[in-house]
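Numbering of the sequence shown is given in numbering that gives the first Met the number 0, commencing with residue 0 and proceeding in unit increments.
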Amino acid sequence: MEGIDFKVVFNVDNKLFFDALMIRKNVFVDEQNVDITEEIDDYDDKAYHVVGYLLAEPICCARIYIDVNKCYWGRVAVIKKYRKKKVGNKLIEFLKEYSKKELSASEVIIEAQLHSIDFYKNNGFEIIDEEIKVISNIEHKTMKLVL
Ligand SMILES: CC(C)(COP(=O)(O)OP(=O)(O)OC[C@H]1O[C@@H](n2cnc3c(N)ncnc32)[C@H](O)[C@@H]1OP(=O)(O)O)[C@@H](O)C(=O)NCCC(=O)NCCS
Numbered sequence: 000m001e002g003i004d005f006k007v008v009f010n011v012d013n014k015l016f017f018d019a020l021m022i023r024k025n026v027f028v029d030e031q032n033v034d035i036t037e038e039i040d041d042y043d044d045k046a047y048h049v050v051g052y053l054l055a056e057p058i059c060c061a062r063i064y065i066d067v068n069k070c071y072w073g074r075v076a077v078i079k080k081y082r083k084k085k086v087g088n089k090l091i092e093f094l095k096e097y098s099k100k101e102l103s104a105s106e107v108i109i110e111a112q113l114h115s116i117d118f119y120k121n122n123g124f125e126i127i128d129e130e131i132k133v134i135s136n137i138e139h140k141t142m143k144l145v146l
């Protein structure tokens, strides 16, 4: 799919964060039954929020934050009707570029839902801990990407 316009803002006092939140609510709260009180957390306040727009429609999102000099990605989501069209791959490409060039990150950590591990492997991540972590009732493994 051509023409996704990626935008980034820092923290929550802006319209883009609400576009991200709308996607996160659809995907994580409504589809995956994550409690809304867990979906929004303290990291939102210190995160770079990324939204991909197709024309004016917000279709995918993620957040990036730095904690103790480590770069973390999370809340990676593509709205359902745009999945399996390589939007996720394009989002990851944007996150790589932004994290490396704008945030000087050399590696990225992600807590990957088990069903999405192959998606992240396709995009260069490797599992760094085989232990399954249950976060918001969803099973995850920790993965790392060298940028
Ligand atoms: C995971 C997610 C972001 C992938 O987005 P997408 O736009 O459907 O992915 P793409 O179309 O870019 O697929 C890229 C590749 O990953 C593969 N892939 C996509 N989703 C996959 C999945 N759930 N499991 C295994 N492989 C997957 C595709 O087959 C494709 O492989 P290819 O490049 O070899 O053809 C999307 O399914 C999603 O938003 N899921 C719900 C939210 C979620 O679980 N996020 C992950 C949180 S850790």
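Built from N, CA and C at the ideal position, the CB exists for glycine as well.
Backbone secondary structure at residue i - three-state DSSP
i, result
"D66", "strand"
"I91", "helix"
"K84", "coil"
"L146", "coil"
"A19", "helix"
"L113", "helix"
"V28", "helix"
Neighbourhood of residue i by C-beta, 6 Å cutoff - its chain only, sequence neighbours within 5 removed
i, result
"C59", "G51, V77, V86 and L90"
"S135", "V33 and E37"
"F16", "H48"
Length of the line joining the Cα atoms of residue i and residue j
i, j, result
"D128", "V145", "15 Å"
"I137", "L113", "8 Å"
"V11", "D4", "20 Å"
"D25", "Y81", "For the sequence presented, residue 25 should be read as Asn rather than Asp. So the alpha carbons of these two residues sit roughly 13 Å apart."
Nearest candidate by alpha-carbon position, reference residue i, set the options
i, options, result
"K79", "D29, E96, D44 and L54", "D29"
"E109", "K95, G73 and L94", "Before going on, a small fix: residue 109 reads as Ile here, not Glu. The option with the nearest alpha carbon to I109 is G73."
"G2", "K14, L54 and F27", "L54"
Residues near residue i in its chain [Cβ-Cβ closer than 7 Å; skip 5 each side]
i, result
"S98", "I63, C70, A104, V107 and L146"
"K95", "L146"
Environment of residue i [buried if 16+ CB atoms lie within 10 Å]
i, result
"Y42", "exposed"
Cutoff 8 Å; reference residue i; Cβ partners in own chain excluding five residues on either side
i, result
"K140", "E110, A111, L113, I116, I126, D128, E129, E130, I131 and K132"
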